[in-house]
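Novice: Pasting a structure below so you can have a look.
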Amino acid sequence: MSQVETAVPAPTHRGYWSLVMSRLLRDPVAMACLAVLVLLVCSAIFAPWLGLADPYKGSMIARLKPLGTPGYLLGTDEQGRDMLSRLIYGGRLTLFIGLMPVVLAFFIGGALGIVAGYVGGITNTIIMRVVDVFFAFPSVLLAIAISGALGAGVLNSLVSLTIVFIPPVTRVAEAVTSGVRQLDYIDAARASGANALTVIRVHVIGNVLSPVFVYATSLTSVCMILAAGLSFLGIGVRPPEPEWGLMLNTLRSAIYVNPWLAALPGVMIFATSLCLNLLSDGLRSAMNVRD
Amino acid sequence: MAGCDDVLSYFLRRLILVLPVAFGVSVVCFMLVQIAPGDPLTAIMPVDATAEQQAAMRAAYGLDKPLPVQYLIWIANLLQGEMGRSIASGRPVAGEVFGAVSNSLLLAGAAAVIAFPIGTFLGFLAGYFRDTILDRFITALSITGVSVPNYWLGIVLVIIFSVNLGWLPSMGAGPGGSQDWHWDWAHIRHLVLPAVTLAVVPIGIVARTVRALAGDILSMDFVQALYAKGLSRGDVLRHVARNAAATALSVMGLQLGYLLGGSILIETVFNWPGSGFLLSNAIFQRDLPLLQGTILILAMFFVGMNLIVDVAQAAIDPRIKRT
Amino acid sequence: MFQLRKGLAALALSVAVLGAHGAAAQGTLRIGMTASDIPLTTGQTDQGGEGLRFMGYTVYDALINWDLTSADKPSVLTPGLATEWSVDPEDTTKWTFKLREGVTFHDGSTFNAENVVWNLDKLLVEDSEQYDPRQSAQGKSRIPAIASYRTVDDYTLEIITKEPDATLPYQLAWIMMSSKANWEAQDKDWEKVAEHPSGTGPWQLETFVPRERAEMVPYPEYWDETRVPQLDKMILIPLPESNARSAALMSGQVDWIEAPAPDTIPAMEGNGFVITSNAYPHNWTWHLSRVEGSPWNDIRVRKAANLAIDREGMGALLGGLMIPAEGFVPPNSQWFGNPDFKLTYDIEAAQELMTEAGFGPDNHLQVKALISPSGSGQMLPLPMNEYIQQSLAEAWIDVEFMVVEWNQMINLWRAGAADPAVEGAQSINFTYFIQDPFTGFIRHLDCDLIAPNGTNWGHYCDEDMQDLFKKIKTTFDPEEQDALLRTTHEKYVNDALFLMVTHDVAPRAMSPKVQGFVQSQNWYQNFSSITMAE
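Chains as they are written, first to last, in our numbering: chain U, 1 to 291; chain L, 292 to 614; chain Y, 615 to 1148.
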């Protein structure tokens, strides 16, 4: 884990965000990745209206058809279900359990970090020591341990991954908040008798948000891979739900019969995670945050 | 360089901070298995065992006592080095876990030996030749490395190098098992595929970190000053490397910890008899004492690793010292 | 590609052999098991059927063994450490066993009646010095009939059963005999015995590394000369992950794997590996709930479901490695009989039955079924269950799955259909070891064994069936007993008491170098006849 540069109180006026946007728009790699991700998300969301085959309905006669088979553009899986349809529908769960934990961790960890950093004292100690405990586990180990204990299931994966990503987000938020808190104008606001919540809302959040947000985006790719990994191990999403990690697992034995087919879910995970990483990098340089 | 006493007192202060974390870790490990649904003894009883036999088993494993009591018994035993017995195999957990962790360390170490020099070299090149084609290429390579699901890569490598080409073995820790480990090719060839697979992510991470560091430092004033002083390129590079060492070291130390904890999926793919393999068996057999023991040892190792990295960093570069 | 690859593989292999190790010497057979650990070595093994196959019937003997020499006919009991046995016609609870003389354990001590008593105490008498909870957990429930036992003389043993029970010989085929002298030599510590076990079997355990490998060498003094192993060594390697198993075989790290994934079989055969398979007493069923309110109480629904499944079609999923069910036991079983109800695929007949039962295209029957994504002997539970789900929908039966982990599934199986934990599920997908009258028939449907007291999951209780069970237990003539078992099986099928789907054929994949293996129709196998070609 790299330390995060704490003293980056970015200006909070609107101009800053439009500057970020315009910088981002001029980054072709980031824009291409964004386009791919938007496409993935949209096709996942609107899957039922895309006229795809039923992702659950298979046919024993049509199993493991190769790519390009008429009627099955991307072939069929071990149950004879349409791969194209399953990959697109699979995006729903995969992206959900790949991104949702980071979103949740962003809010929960962010809130905890801001409170800890702003209030300080005993509150800080309690929050940060608990965070330290969870931080003591390597993330993969913690995710697998919790999921393994809870058993398979979407909700369980969500819980375990969220728990994994709260501590790092909290640490970053706490570090940034502590830094911001010492700035003069916050002191002035506090001295002028402003209510703590107001100060947090007006001054702290604005300053803390962007570095924490950038940090959170850098976690999404790890989360994606980890979530699919849980399903791959058999302690994530349960069959017959389409999900890329699980599809990778169930198609493993077909790798000798039809390697390209078996590789598809892996390619999807890889491509998504690559786009998330590149977009996060683009965002980072657009926001001028360093780590 | 900081004085020896400074480092020692820093080490002691860190150590005191580590104790509550260690306590918390033990509580988490203990609670982890309590949230598990299902009866932990299911796996070892014949499927048609009677209710009476099940109750007797439960009492024999102390699973009929209240939770806090179970925790105290567990921790008391732990402090005496007694980690209980695996429910599934009946063997002492301590022996199983330490055997497995040493196998994992071997694998993680081999991966680190592959990843750190390559990562550093690539990162350094990219940072030094910033914004050139070379930099772009290396950056793309390292992003690819951190984006690829390594468990999938492992399967692909097995198909290519074991099944299709027959060059390297696909599983196990040597022709005679891990207890028979020797440093010869017959054994090392078993290490190649899993270590390479495991090394891919840290290569990417180390390369990215080193690139950022090298780039930053090169753009700093003192480097310009060094050039101005008429130092050669090589001398400047040496200065830069020393400056980057502390941060790079911390990243690598943590990566080693991650390698150890993160090898679970790789070990499953390669049937490597390490802690990850043990852990996945423990999970699927609901072997609670083994699950607790493995996670605890790995987490404690990680805590220790953090401590060492902190102290080493402080020793190399006193400016980094934090309270 | 494959030709090239084979050449390269052979080259790499020969390099490995010539290299530092030479581990793959001639006559060494390396087997990849599906278990994740080496089975318990002290005698009564764990790891289910695979445990007894590799660590039970290899290192040990039972008083009565299974005959594993024939591939063509159903496997039957054969004298093991007991040469003959009989029941007292006056008192049918009293059995006498004549024991084999001149048998020595691997440690050199002599086998006798005292040893049998000592072994039974090891499992049944908790305050005996040699009581071993681990072995007891595996063995005690296998011999429920035994009330008491004593030595009559050195080579004669008497066993008294709780009630007349003609299935006792089958029960005894579960019980492995470990050496008392060895246990004493190992400081009476089962932990140490585990490292250095001693039985009377054809193989001696030489070394083992937990979770990694076990090495066995032949026991030249084995009492049955025809079963003294011909190999120099047999090595067992746990490889629980099916792809890792396939890769290990194809890259030449093992010579034999258990249960190759069906989809990898064409690639293996294409590369000259040999797939063996054979029928054995295993079935893959849905055990149906017969509690009040279950739709499966209606025989028309049960029959309709059995007629709605295209069992041949399911073969594609399993690479053809299955035997479509025609009854509860495999069609070639000595107990199959001649049931009137034929398990064919006839969707019209199924729909007709469903119509009679009051259902139709607009009025589907809703059922809830318990399944698990994995589990020992479950074959490919998810795809197979999904296939059944699709098939039953054609007969207007909509299946909702309740998917639970395998260990949880075992708990729910023990709890029974009426337990709140099954959340109203009306069937459980369970595969059965059906090698003897008790495991094959009685335990599933006996009124006295209704879960949770026994393993009659569905709470079925029927007077005629109960009568049949009673007769099986009290018929001591083997042929008459077989006839009764056939009648019982006919009733199983005619009443469509289960959703009978398929039988596994225990596929194994092996290198063409493995020669002389005869796959018996049994859960256990004989490894003594095997040799390795150059």
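Beta carbons are placed, not taken as given, at the ideal position from N, Cα and C, and that holds for glycine.
Among the candidates Glu777(Y), Asp660(Y), Leu691(Y), Lys794(Y), whose CA atom is the shortest distance from the CA of glutamate 728(Y)?
Specialist: As a working note, residue 728(Y) is residue 114 in the third sequence. For glutamate 728(Y), the nearest C-alpha among the options comes from Lys794(Y).
Novice: In its own chain, which residues sit with a C-beta less than 8 angstroms from the C-beta of proline 834(Y), not counting the 5 before and 5 after it?
Specialist: In the third sequence, the residue the question calls residue 834(Y) occupies position 220. Hits under 8 angstroms: Val842.
Novice: So which of Gln1040(Y), Glu1008(Y), Trp1027(Y) has the shortest CA-CA distance to phenylalanine 1015(Y)?
Specialist: Here the question's residue 1015(Y) lines up with position 401 in the third sequence. Checked all of Gln1040(Y), Glu1008(Y), Trp1027(Y); the closest Cα to phenylalanine 1015(Y) is Gln1040(Y).
Novice: Below 8 angstroms, can you find three or more Cβ-Cβ pairs linking the stretch 236 to 251 of chain U to the stretch 185 to 200 of chain U?
Specialist: With a cut-off of 8 angstroms, the stretch 185 to 200 of chain U and the stretch 236 to 251 of chain U do not count as touching, because too few Cβ pairs lie within range.
Novice: Short check: CB of valine 888(Y) to CB of proline 1126(Y), under 7 angstroms?
Specialist: If you number the third sequence from 1, residue 888(Y) lands on position 274. If you number the third sequence from 1, residue 1126(Y) lands on position 512. Taking 7 angstroms as the Cβ cut-off, valine 888(Y) and proline 1126(Y) qualify as a contacting pair.
Novice: With distances taken from CA atoms, which of Phe593(L), Asn597(L), Leu582(L) is nearest arginine 376(L)?
Specialist: Residue numbering aside, residue 376(L) sits at position 85 when the second sequence is read from its first letter. Checked all of Phe593(L), Asn597(L), Leu582(L); the closest Cα to arginine 376(L) is Leu582(L).
Novice: In angstroms, rounded to a whole number, what distance separates the CA positions of histidine 635(Y) and aspartate 846(Y)?
Specialist: For the purposes of this step, residue 635(Y) is taken as residue 21 along the third sequence, with counting starting at 1. For the purposes of this step, residue 846(Y) is taken as residue 232 along the third sequence, with counting starting at 1. With a pLDDT of only 38 at histidine 635(Y), under the threshold of 50, the placement of this residue in the model should not be trusted, and no figure is reported.
Novice: I'd like to know if arginine 181(U) contacts chain Y, where contact means its C-beta is closer than 7 angstroms to some C-beta of that chain.
Specialist: On the first sequence, position 181 is the one that residue 181(U) refers to. Answer no: the Cβ-Cβ gap between arginine 181(U) and chain Y never drops below 7 angstroms.
Novice: Identify the residues that DSSP records as bridge partners of proline 832(Y): which are they?
Specialist: Mapped onto the third sequence, residue 832(Y) falls at position 218. According to DSSP, which records beta bridges pairwise, proline 832(Y) is partnered with Trp817(Y).
Novice: Residues in the same chain with beta-carbon distance under 6 angstroms from valine 1107(Y), minus the five sequence neighbours each way, listed in chain order, please.
Specialist: For the purposes of this step, residue 1107(Y) is identified with residue 493 of the third sequence, where counting begins at 1. Cβ within range, chain order: Gly941, Pro953, Phe955.
Novice: Scan the stretch 149 to 185 of chain U and note each continuous alpha helix (DSSP H) run of 4 residues or more that stays entirely inside, going in chain order.
Specialist: Within the stretch 149 to 185 of chain U, the complete alpha helix (DSSP H) runs of at least 4 residues are 154 to 181.
Novice: Taking Cβ to Cβ, would you say histidine 1058(Y) is nearer than 7 angstroms to proline 944(Y)?
Specialist: Against the third sequence, residue 1058(Y) aligns to sequence position 444. Against the third sequence, residue 944(Y) aligns to sequence position 330. No; because the gap between Cβ atoms is not below 7 angstroms, this pair is not in contact.
Novice: Assuming leucine 1099(Y) and proline 1051(Y) make a contact with CB atoms under 8 angstroms, what is their CB distance in whole Å?
Specialist: Walking along the third sequence from the start, residue 1099(Y) turns up at place 485. Walking along the third sequence from the start, residue 1051(Y) turns up at place 437. Right, their Cβ atoms sit about 6 angstroms apart.
Novice: Just the C-alpha distance for alanine 637(Y) and serine 860(Y), rounded to the nearest angstrom, thanks.
Specialist: Residue 637(Y) sits at position 23 when you count from the first residue of the third sequence. Residue 860(Y) sits at position 246 when you count from the first residue of the third sequence. At alanine 637(Y) the pLDDT is 38, less than 50, meaning the model places this residue with poor confidence; the figure from the coordinates comes in the next sentence. Distance between the alpha carbons of alanine 637(Y) and serine 860(Y) is about 20 angstroms.
Novice: Interface residues of chain Y around asparagine 562(L) at Cβ under 7 angstroms?
Specialist: Sequence index remark: in the second sequence, residue 562(L) carries index 271 (1-based). The answer, in chain order, is Leu853, Glu855, Ala858.
Novice: Reducing DSSP to helix, strand and coil, say where glutamine 546(L) ends up.
Specialist: Indexing the second sequence from 1 puts residue 546(L) at position 255. Three-state DSSP puts glutamine 546(L) in a helix.
Novice: Starting from glutamine 980(Y), follow the beta strand (DSSP E) in both directions and report where the run begins and ends.
Specialist: Translated into the one-based positions of the third sequence, residue 980(Y) becomes position 366. First-last of the beta strand (DSSP E) with glutamine 980(Y): 979 to 985.
Novice: I want to see whether chain L comes within less than 7 angstroms of methionine 864(Y), judged by CB atoms only; does it?
Specialist: The residue given as residue 864(Y) occupies position 250 in the third sequence. At least one chain L Cβ lies under 7 angstroms of methionine 864(Y).
Novice: In chain U, what lies closer than 9 angstroms to proline 987(Y) by C-beta?
Specialist: Taking the first residue of the third sequence as 1, we reach residue 987(Y) at position 373. Simply Ala152, Gly234, Arg238, Pro239.
Novice: Looking only at DSSP bridge pairs, what is alanine 1123(Y) linked to?
Specialist: As a first step, residue 1123(Y) is located in the third sequence; it is residue number 509 there, counting from the start. DSSP lists Ile871(Y), Ile889(Y) as partners of alanine 1123(Y).
Novice: Of all Cβ atoms in chain L, is any one closer than 7 angstroms to the Cβ of glycine 117(U)?
Specialist: Taking the first residue of the first sequence as position 1, residue 117(U) is located at position 117. Taking Cβ atoms only, chain L never reaches closer than 7 angstroms to glycine 117(U), which makes this a no.
Novice: Bridge partners of isoleucine 849(Y), per DSSP?
Specialist: Against the third sequence, residue 849(Y) aligns to sequence position 235. DSSP, once it has assigned bridges, lists Arg644(Y), Glu829(Y) as partnering isoleucine 849(Y).
Novice: Within 7 angstroms (strictly less), CB to CB, does methionine 462(L) reach chain Y?
Specialist: In the second sequence, the residue the question calls residue 462(L) occupies position 171. For methionine 462(L), the answer is yes, since a Cβ of chain Y falls inside 7 angstroms of its Cβ.
Novice: Are any of the Cβ atoms in chain L nearer than 7 angstroms to that of methionine 287(U)?
Specialist: Residue numbering aside, residue 287(U) sits at position 287 when the first sequence is read from its first letter. Not closer than 7 angstroms to any Cβ of chain L, the Cβ of methionine 287(U) fails to qualify, so no.
Novice: Counting only beta-carbon separations shorter than 7 angstroms, does leucine 141(U) have a partner in chain L?
Specialist: One-based indexing of the first sequence puts residue 141(U) at position 141. It does; some Cβ of chain L falls within 7 angstroms.
Novice: So, are the CB atoms of valine 133(U) and glycine 544(L) less than 7 angstroms apart?
Specialist: Counting from 1 along the first sequence, the entry for residue 133(U) is found at position 133. Counting from 1 along the second sequence, the entry for residue 544(L) is found at position 253. Not in contact: valine 133(U) and glycine 544(L) (Cβ atoms no closer than 7 angstroms).
Novice: Let me know the secondary structure DSSP gives leucine 902(Y) once reduced to three states.
Specialist: The count along the third sequence starts at 1 and reaches residue 902(Y) at position 288. Three-state result, leucine 902(Y): strand.
Novice: Determine the extent of the alpha helix (DSSP H) in which valine 439(L) is found, giving its start and end residues.
Specialist: Counting from 1 along the second sequence, the entry for residue 439(L) is found at position 148. Segment: none, valine 439(L) is in no alpha helix (DSSP H) and carries neither H nor E.
Novice: Where does the unbroken beta strand (DSSP E) through asparagine 679(Y) begin, and where does it stop?
Specialist: Taking the third sequence and counting its residues from 1, the one referred to as residue 679(Y) is at position 65. Element bounds for asparagine 679(Y): 678 to 680.
Novice: Taking only runs of the alpha helix (DSSP H) that begin and end inside the stretch 215 to 281 of chain U, which ones reach a length of at least 4 residues, in chain order?
Specialist: DSSP runs (the alpha helix (DSSP H)) wholly in the stretch 215 to 281 of chain U: 244 to 250.
Novice: Tell me, please, whether the CB atom of serine 554(L) is closer than 7 angstroms to any CB atom in chain Y?
Specialist: Indexing the second sequence from 1 puts residue 554(L) at position 263. By this cut-off, serine 554(L) is not an interface position.
Novice: Look up alanine 761(Y) in the DSSP assignment and say whether it is helix, strand or coil.
Specialist: In the third sequence, residue 761(Y) corresponds to position 147, counting from 1. If DSSP states are grouped into helix, strand and coil, alanine 761(Y) belongs with the strands.
Novice: So, at 6 angstroms on beta carbons, what are the nonlocal neighbours of tyrosine 671(Y) in its own chain, with the 5 sequence-adjacent residues on each side left out?
Specialist: In the third sequence, residue 671(Y) corresponds to position 57, counting from 1. Same-chain partners within the cutoff: Tyr1138.
Novice: Just how far apart, CA to CA, sit threonine 718(Y) and arginine 480(L)?
Specialist: Position 104 of the third sequence, counting from 1, holds the residue named residue 718(Y). Position 189 of the second sequence, counting from 1, holds the residue named residue 480(L). Cα-Cα distance, rounded: 43 angstroms.
Novice: If contact is defined by three or more beta carbon pairs under 8 angstroms, each pair taking one atom from either stretch, is the stretch 526 to 541 of chain L in contact with the stretch 496 to 510 of chain L?
Specialist: Contact between the stretch 496 to 510 of chain L and the stretch 526 to 541 of chain L is present, because at least three Cβ pairs lie under 8 angstroms.
Novice: Taking its Cβ as the centre, do 16 or more other Cβ atoms sit within 10 Å of leucine 264(U), making it buried, or is it exposed?
Specialist: One-based indexing of the first sequence puts residue 264(U) at position 264. That one is buried.
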